[in-house]
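In what follows, a structure is listed as structure tokens, so that the remarks can point back to it.
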Amino acid sequence: MSTKNWQRAVHDAEQERDNALAQLAHEQATRRQWQTQYQAEHLDYLNDVEADRDRLRDEIKALAAALHAKGWAAHDENDPGSASAYGHAAAALRALLDGEAKG
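Count along the sequence shown starting at 1, add 26, and that's the number in the numbering used here.
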């Protein structure tokens, strides 16, 4: 192989290497961009789930308080069956919240 051909072969190999490295750098940058986007979307999703959980917890607390109040009202109206039912329902909701907080 002549010197000129050898130099051309080396140049071609270097060019192929440079192209492959550029392609790899581009693919790595694209992957990092997708990872960053995925992480941001996943964090948004987790924040939404947490907000929904907090909202539901607040609604359950309000429902338990309303049932408790209805139980006292039924008790005041001398309706022990309803008072007991409301009390048990309120207690069940509070237990649900306590179990969720512990879990």
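From the three backbone atoms N, C-alpha and C, an ideal C-beta is built for every residue, glycine too.
Considering just the uninterrupted stretch of the alpha helix (DSSP H) at residue i, what are its terminal residues?
i           : result
residue 130 : No information on residue 130 is available, as it lies outside the stretch 27 to 129 that the chain covers here.
What does a CB cutoff of less than 6 Å around residue i pick up in its chain, not counting 5 residues either side in sequence?
i           : result
residue 113 : 97
residue 109 : 97, 100, 101
Under 8 Å by Cβ, that's how I've got residue i and residue j pegged, so tell me the actual separation to the nearest angstrom.
i          : j           : result
residue 82 : residue 115 : So it is not a contact: roughly 17 Å between Cβ atoms.
Within the same chain, show all residues whose beta-carbon is closer than 8 Å to that of residue i, passing over the 5 residues directly before and after it, in chain order.
i          : result
residue 47 : none
Report yes or no: do three or more beta-carbon pairs, one from the segment 80-95 and one from the segment 115-123, lie closer than 8 Å? Under the three-pair Cβ rule at 8 Å, the segment 80-95 counts as touching the segment 115-123.
Give a yes or no on contact between the segment 104-119 and the segment 89-96, applying the rule of three or more CB pairs nearer than 8 Å. The segment 104-119 is in contact with the segment 89-96.
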